[in-house]
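Worksheet: the structure to be examined is printed underneath.
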Amino acid sequence: MSTIVSIQNLCKTYDSGHQALKNINLDIKAGEIIALLGPNGAGKTTLISTICGIVTPTSGTVTVGGFDNIKQYRKTRSMIGLVPQELTLGAFEQVANTLAFSRGLFGKKPNPDYIEKLLKQLSLWDKKDSPLMRLSGGMKRRVLIGKALSHQPDILFLDEPTAGVDVELRKDMWHLVSELRESGVTIILTTHYIEEAEEIADRVGVINNGELLLVEEKTDLMQKLGSKELSIELRQAITTIPDSLSNYDLRLSADGTRLIYSYDVKSERTGITKLLQLINSAGLQLKDLHTSQSSLEEIFVNLVQQDKKPVEKAS
Amino acid sequence: MNWQAISVIYKSEMLRTRNTLLQSIASPVISTCLYFVVFGSAIGSRIQTVGDIDGQGGVSYGVFIVPGLMMLSLLTQSISNASFGIYFPKFTGTIYEILSAPISFLEVIIGFVGAAATKSLIIGTIILITASFFVDLKIAHPLWMLSFFILTCVTFSLFGFIIGMWADNFEKLQLIPLLVITPLVFLGGSFYTIDMLPPLWQKISLLNPVLYLISGFRWSFFEISDVNHATSLLMVLAFLFICLGIVWWMFRSGYKLRQ
Ligand SMILES: Nc1ncnc2c1ncn2[C@@H]1O[C@H](COP(=O)(O)OP(=O)(O)OP(=O)(O)O)[C@@H](O)[C@H]1O
Ligand SMILES: [Mg+2]
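Structure follows, in structure tokens:
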């Protein structure tokens, strides 16, 4: 896949002196969905805003479709649609008009048919003449998505699209996102919710403190960092782990009916077969077995905490 | 040029006027009528004619105040419309869309300032029509009148745009129109010629840029002026270029728009 957005050595220090981005390097591939994960204040919005041209970088470059996003801003910006984090909308404008306005801003000729299609897709058609101030929060969110899509962008930025959105609408939104992806749109979204990234992203980037800690294929990431746990349920409770099993990293549950074995999914031999044999020969009877994998959430918390330690020392 | 963008900004700004039609159009009409009742009829009937002192040929007071009244409204309306037009998206945050759109600063200005100037032109015309119901108006130099009319609307809309860019709260937005423009207009001979003033105040009045504007505009109606009309035109042009200079600098520095 070809690179559509290329970010090189990007730094941003706000006038306040706060360094919000520290030497970010990232290539986004055409047609992928990439999720940027990070806690509050990590720099996600700053990164997106810099690519879209709302924030001027202190140093570094961003190219979109091969064009520099400052020198050739007309080319780069017309490729991009942005759904901002905040519900920033006017008050008196009508829904359909505000979409037409956005389309015009991006230099596209009016196309009422497309706007109609878009409004229907976003279940906003019956609200097309309502003034924006009379919409609910979820509807406003959809209007913002509509505005971002009004000029048929190649790249869509969704800055925390599911904040304040109910389950139903979230489902609709993911449906829309996968439709967009099928039509070839590249999607970059930020989120605090790991499940979200896990559910729809192809790649996941973790940002903390202005640094991009890692970017990985979602499946690789979970394999690489995730350890699996095998939980072995016993028919009879035991008080101590038999000596014959001392080579394994085993834990005994409090009630003594479960042995928990943690192993690394990366290693070629997990030793599970041998372990089960040993358990048998120690005279323990198995009731059930199941495995669980650590979620992205745990991976994420681990990463961010590792990252915090040196910072605390420095400050 | 992104003409689509200019056109949608212009149209949405004009639409905003339609949504606040009463405030935008009715209030200048009402205030003009009030000025006519108070100054034109009540006080004006006690004043004989104005402007015949140095043989320029006087007109009745009611007629005399028409250009000043128009200027008063044009200046305040241009500034408030243009400053509000750009301040409001900054305030609500919707400016993000303009900042992320493939549109240059020049196009943004043409859209916003163009709409504000158009509104002022409409308001000025309405005042002129309203006034013609009260008094008999003749325009001696229509082309000059139109030039002053349009130049004033554009220049002060541009000035309003600058204020709207500069302001980061509502107080600042009101500050300049209230503290600077209104006094300058009132003291700039909206309701009198400066030769009605004591000599010292005549000299001081000549430092007021708005005086030149009102004087030139009035000359185009009745050939009554405090200063030469060509000087007036030069002053308006000078102010226009100062505003353009400031705007150009704002554009170069990304002033208060992009962090
Ligand atoms: N205009 C600004 N001036 C100064 N500092 C800013 C500005 N905008 C953001 N910051 C700071 O930059 C840092 C990154 O902010 P940013 O909004 O990018 O975080 P984020 O990852 O989007 O957070 P959240 O998840 O809360 O949206 C924060 O510490 C914030 O305080
Ligand atoms: Mg954010």
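Heads up: the sequence lines are chains W and D, in that order. As numbered in numbering that gives the first Met the number 0, the first sequence has no gaps in its residue numbers, which increase by one up to the final residue, 314. As numbered in numbering that gives the first Met the number 0, the second sequence has no gaps in its residue numbers, which increase by one up to the final residue, 258. Here a beta-carbon is modelled for each residue, glycine too, at the ideal position from N, C-alpha and C.
Classify residue i as helix, strand or coil using the three-state DSSP reduction.
{"i": "W/S5", "result": "strand"}
{"i": "D/F90", "result": "helix"}
{"i": "W/E92", "result": "coil"}
{"i": "W/I193", "result": "helix"}
{"i": "W/T239", "result": "coil"}
{"i": "D/Q55", "result": "The predicted model places D/Q55 with a pLDDT of 48, which falls under 50 and marks its position as unreliable, so this point remains unresolved."}
{"i": "W/G282", "result": "coil"}
{"i": "W/E215", "result": "strand"}
{"i": "W/K312", "result": "For W/K312, the predicted model reports a pLDDT of 41, less than 50, meaning its position is unreliable and no value from the coordinates is stated."}
{"i": "D/T75", "result": "helix"}
{"i": "D/E170", "result": "helix"}
{"i": "D/H140", "result": "coil"}
{"i": "W/L233", "result": "strand"}
{"i": "W/F66", "result": "strand"}
{"i": "W/T60", "result": "strand"}
{"i": "W/R180", "result": "helix"}
{"i": "W/V166", "result": "helix"}
{"i": "W/Y262", "result": "strand"}
{"i": "W/L275", "result": "helix"}
{"i": "W/L117", "result": "helix"}
{"i": "W/L104", "result": "helix"}
{"i": "D/T124", "result": "helix"}
Check each candidate in the options and name the one with the smallest Cα separation from residue i.
{"i": "W/T62", "options": "W/D26, W/V214 and W/L249", "result": "W/D26"}
{"i": "W/E92", "options": "D/L199, D/S219 and D/S11", "result": "D/S11"}
{"i": "W/S182", "options": "W/H174, W/S252 and W/A196", "result": "W/H174"}
{"i": "W/F156", "options": "W/A99, W/G65 and W/I144", "result": "W/I144"}
{"i": "W/T269", "options": "W/N279, W/L288 and W/Y247", "result": "W/Y247"}
{"i": "D/L145", "options": "D/V7, D/F216 and D/K89", "result": "D/F216"}
{"i": "D/S40", "options": "D/I128, D/A25 and D/I64", "result": "D/I64"}
{"i": "W/S122", "options": "W/L168, W/P109, W/I53 and W/R180", "result": "W/L168"}
{"i": "D/L233", "options": "D/W247, D/T151, D/V58 and D/F133", "result": "D/T151"}
{"i": "W/L233", "options": "W/M138, W/H289 and W/A29", "result": "W/H289"}
{"i": "W/T49", "options": "W/P83, W/A29 and W/N39", "result": "W/P83"}
{"i": "D/F35", "options": "D/S119, D/T129, D/T75 and D/S6", "result": "D/T129"}
{"i": "D/I137", "options": "D/R251, D/S231, D/A237 and D/V62", "result": "According to the sequence as given, residue 137 of chain D is Lys; it is not Ile. Closest by alpha carbon: D/V62."}
Tell me where the beta strand (DSSP E) around residue i begins and ends.
{"i": "W/S129", "result": "Taken as a continuous stretch (DSSP letters only), W/S129 belongs to no beta strand (DSSP E), as it is neither H nor E."}
{"i": "W/F156", "result": "I154 to D158"}
{"i": "D/G102", "result": "First, the amino acid is wrong: residue 102 of chain D is Ile here, not Gly. From DSSP, D/I102 is part of no beta strand (DSSP E); its letter is neither H nor E."}
{"i": "W/K21", "result": "Q18 to K28"}
{"i": "W/A200", "result": "Per DSSP, W/A200 belongs to no beta strand (DSSP E) and is neither H nor E."}
{"i": "W/R250", "result": "L249 to L251"}
{"i": "W/L35", "result": "I32 to L36"}
{"i": "W/L81", "result": "I79 to V82"}
How close, in whole Å, do the beta carbons of residue i and residue j come, if the pair is a contact with beta carbons under 8 Å?
{"i": "W/G163", "j": "W/G136", "result": "5 Å"}
{"i": "D/A115", "j": "D/G84", "result": "6 Å"}
{"i": "W/Y262", "j": "W/K286", "result": "With 8 Å as the limit, W/Y262 and W/K286 do not qualify as a contact, their Cβ atoms being about 20 Å apart."}
{"i": "W/L36", "j": "W/L20", "result": "Their Cβ separation, rounded to whole angstroms, is 16 Å, which puts W/L36 and W/L20 out of contact at 8 Å."}
{"i": "D/F155", "j": "D/L73", "result": "7 Å"}
{"i": "D/I203", "j": "D/I125", "result": "Going by Cβ atoms, the distance from D/I203 to D/I125 rounds to 33 Å, so no, they are not a contact pair."}
{"i": "W/G64", "j": "W/N8", "result": "Not really, about 20 Å apart at Cβ, beyond 8 Å."}
Using a C-beta to C-beta distance shorter than 9 Å, which residues of chain D count as neighbours of residue i?
{"i": "W/R73", "result": "N1, P101, I102 and S103"}
{"i": "W/D158", "result": "Here the premise fails: no neighbours, minimum Cβ distance about 10 Å."}
{"i": "W/Y13", "result": "Q258"}
{"i": "W/K146", "result": "E96"}
{"i": "W/E85", "result": "G92 and Y95"}
Output the boundary residues of the alpha helix (DSSP H) element that contains residue i.
{"i": "W/N319", "result": "Nothing can be reported for residue 319 of chain W, as the shown portion of chain W is limited to 0 through 314."}
{"i": "W/T49", "result": "K43 to C51"}
{"i": "D/A237", "result": "H228 to S252"}
{"i": "D/L183", "result": "T181 to L186"}
{"i": "D/S30", "result": "S26 to Y34"}
{"i": "W/L148", "result": "G136 to L148"}
{"i": "D/I213", "result": "P208 to F221"}
Output, in chain order, the set of chain W residues within a Cβ distance shorter than 7 Å of residue i.
{"i": "D/Q201", "result": "Within chain W, no residue comes near D/Q201; the closest Cβ sits about 48 Å away, beyond 7 Å."}
{"i": "D/R257", "result": "I53, V54 and T55"}
{"i": "D/N207", "result": "Those within 7 Å of D/N207 in chain W number zero; the least Cβ separation is about 37 Å."}
{"i": "D/A4", "result": "G103, L104 and G106"}
Taking 6 Å as the cut-off, is the C-beta of residue i nearer than that to any heavy atom in ligand 3?
{"i": "W/K43", "result": "Of the ligands this structure carries, namely ligand 1 and ligand 2, none is ligand 3."}
Can you pull the chain D neighbours of residue i, defined as C-beta to C-beta under 7 Å?
{"i": "W/K139", "result": "Those within 7 Å of W/K139 in chain D number zero; the least Cβ separation is about 12 Å."}
{"i": "W/R76", "result": "S99, A100 and P101"}
{"i": "W/G89", "result": "T91 and T93"}
Chain W partners of residue i, CB-CB under 8 Å?
{"i": "D/S11", "result": "E92, N96 and F100"}
{"i": "D/N18", "result": "F91"}
List the residues of chain D that residue i touches, going by C-beta distances under 8 Å, in chain order.
{"i": "W/I79", "result": "S99"}
Residue i touches chain W at which residues, Cβ-Cβ below 9 Å?
{"i": "D/V179", "result": "Those within 9 Å of D/V179 in chain W number zero; the least Cβ separation is about 28 Å."}
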